[in-house]
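2 protein chains.
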Amino acid sequence: MKKLLIASTSTVHGSGYLEYILPTLTNFFKEASTILFIPYARASGKTYDEYTEIARKAFATINKEVKGIHEFNNPKEAVQQAEAIFTGGGNTFELVNQLYKNDIIPDLTKAIENGIPYLGTSAGSNICGVTMMNTNDMPIVYPPSFKTLGFIPFNINAHYLDPNPDSTHMGETRETRIKEYHIFNGTPVLGLREGSWLEVNGDSIVLRGNYTARLFKQGKEAEELETNTEVSQYFLQ
Amino acid sequence: MKKLLIASTSTVHGSGYLEYILPTLTNFFKEASTILFIPYARASGKTYDEYTEIARKAFATINKEVKGIHEFNNPKEAVQQAEAIFTGGGNTFELVNQLYKNDIIPDLTKAIENGIPYLGTSAGSNICGVTMMNTNDMPIVYPPSFKTLGFIPFNINAHYLDPNPDSTHMGETRETRIKEYHIFNGTPVLGLREGSWLEVNGDSIVLRGNYTARLFKQGKEAEELETNTEVSQYFLQ
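As given, the protein sequences belong to chains A and B, one line each in that order. Each residue of the first sequence is one higher than the one before, starting from 5 at the first, in this note's numbering. Each residue of the second sequence is one higher than the one before, starting from 5 at the first, in this note's numbering.
And the structure:
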């Protein structure tokens, strides 16, 4: 049974890496002793080693070992043999590029079908959607496709931000960007605020954390979903 | 001789569409009676007709006629016959997608070589760079390439924003995103603040407007360029 945590961010303001979600992770990863870390998104341009070290330190506090996928000779085998998987944030274009380059999409799909627990934060959450088309990231590399893992039947907009009524900046708001997306695409989008995450168990998808999330559907007014809502009911065909 | 105005934004806070730059445009377009408008970026999801109407109204105040490229049977011929060209803002991915789909990149290149004056705002400025890799836009469509017109030897980050020291938001700052870009790419990037533009005359590229612009080069500290600076000197090989 599919078992995912899809988080808006790794870090909330004023707190350490993954700190806000560690109690949840202790339970979520309770059957794993080692977590495979996928550092391909290279947050702030960190090297794979530097980035893996940050994940390693955070998980050491709940007695989990972390191995970077780049430490294996064969990344496909690393995924196939993983007890648990964590994909960190950074740049979604580069992350998706590396998923294709290393041909691990089929292996990730298989692992998740087999019930291997998966944690994503930010870019690592974007790739759980149908496409990466609602990332906020800069297109610093050209991936072979925008299609992603499709573990959930909608897309994620991570770090969702409400329009700032005091702003004098003329760049598009997040909501405007997502409405532009729906001119060209039918897949719904869930705007996840920092500190929110989705808990996926099989077909159940529940919103967790302290905030509401903003649901955008083509041709409809956006709506706010309360925390602890069973989100999957909004996507029944 | 190449003759371009490359503006960060069409509109500054508290003022009408193109209003801040109309005095400059009166002189820039003095030899044209009709301006070809390229509405492909579809700001806020507007239709081509709606968007063209907005440009038409602004240019009517300086006695210029505006024709939308979509009003022509053949967009390539529309570019070939244009007296002056204006590409508006919106979504850069969709704009670039349509440039390729309508195969007008060679025609735009030729027109600019022949001295046809070109105005770009926001997305319409991004495409003047070497690639569209420094857009802030959402990847709502998958264009066949990120390569753009290369009228200038660097990329543009339009609507450039300084980091906000009071922000509690954990998403990347603009500067962090551009630094991530430079891990993978060598082309320099100029962050153009809203109200700034570049005036290109042949090989000369001068920063205009009331603000400094922020120049990012691979492996170097970012630097602020003063307004009225001859920017091209920073890109001599």
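For every residue, glycine included, the Cβ atom is placed at its ideal position computed from N, Cα and C.
Check                                                                                                                                                                                         : Outcome
Strictly by DSSP, which residues pair up with Y122(A)?                                                                                                                                        : L8(A), I89(A)
Among M136(A), A226(A), D170(A), H173(A), whose alpha-carbon lies nearest the alpha-carbon of P157(A)?                                                                                        : M136(A)
Under three-state DSSP, which class holds I156(A)?                                                                                                                                            : coil
Considering Cα atoms alone, identify which of T96(B), Y104(B), S208(B) is closest to K7(B).                                                                                                   : S208(B)
Measure the CB-CB distance between K80(A) and D53(A) and report whether it falls below 8 Å.                                                                                                   : no
Say the cut is 7 Å; is the CB of Y55(B) nearer than that to a heavy atom of the ligand NAD?                                                                                                   : Ligands in the displayed structure: none, and consequently the ligand NAD is not present.
Consult DSSP for E117(B) and reduce its assignment to one of helix, strand or coil.                                                                                                           : helix
Per DSSP, which one or two residues make a beta bridge with N31(A)?                                                                                                                           : Its beta-bridge partners do not exist; DSSP assigns none.
When burial is assigned at 16 or more other CB atoms within 10 Å of the CB, is A86(A) buried or exposed?                                                                                      : buried
Specify the secondary structure class of E98(A) as computed by DSSP and reduced to three states.                                                                                              : helix
For chain B, is any of its Cβ atoms less than 8 Å away from the one on F150(A)?                                                                                                               : yes
Any beta-carbon of chain A closer than 8 Å to the one on R197(B)?                                                                                                                             : no
Checking 8 Å against the spacing of the C-beta atoms, do F41(A) and K71(A) come in under that value?                                                                                          : yes
Can you tell me whether E234(B) is helix, strand or coil according to DSSP?                                                                                                                   : strand
Tell me which same chain residues have a C-beta within less than 6 Å of the C-beta of N106(B), skipping the five on either side of it?                                                        : P79
Alpha carbon to alpha carbon, how far is G20(A) from L103(A)?                                                                                                                                 : 27 Å
Three or more beta-carbon pairs under 8 Å between the stretch 174-192 of chain B and the stretch 201-220 of chain B, yes or no?                                                               : yes
What are the residues of the stretch 101-124 of chain B that lie near chain D, defined by any Cβ-Cβ distance shorter than 9 Å?                                                                : The displayed structure is made up of protein chains A and B, and chain D is not among them.
May I ask you to list, following chain order, the residues of the stretch 174-193 of chain B that have a beta carbon less than 9 Å from some beta carbon of chain A?                          : M174, G175, E176, R178, T180, R181, I182, K183, E184, Y185, H186, I187, F188, N189
Assuming A127(B) contacts G93(B) under a Cβ cut-off of 8 Å, what Cβ separation, rounded to an integer in Å, is found between them?                                                            : 5 Å
For a contact meaning CB atoms closer than 7 Å, what does Y52(B) contact in chain A?                                                                                                          : Residues of chain A passing the Cβ test: none, with the nearest at roughly 12 Å.
Listed from N- to C-terminal order along the chain, which residues in the stretch 154-171 of chain A have their beta-carbon within a distance smaller than 7 Å of any beta-carbon of chain B? : H163, L165
At the level of alpha carbons, what is the spacing between Y238(A) and P192(A)?                                                                                                               : 10 Å
Mind checking if P143(A) is an interface residue toward chain B, Cβ cutoff 8 Å exclusive?                                                                                                     : yes
So the candidates are K151(A), M142(A), E198(A), N189(A); which of them puts its Cα closest to the Cα of D166(A)?                                                                             : E198(A)
Taking Cβ-Cβ distances shorter than 7 Å, what residues in chain B pair up with T13(A)?                                                                                                        : M174
Assuming S14(A) contacts T125(A) under a Cβ cut-off of 8 Å, what Cβ separation, rounded to an integer in Å, is found between them?                                                            : 4 Å
Could you give the first and the last residue of the continuous beta strand (DSSP E) run that contains E69(A)?                                                                                : 69-72
Which same chain residues end up closer than 8 Å to I25(A) when comparing Cβ atoms and leaving out the 5 residues on each side of it in sequence?                                             : L9, A11, W201
Give me whichever residues DSSP pairs with T135(B) in a beta bridge.                                                                                                                          : K151(B)
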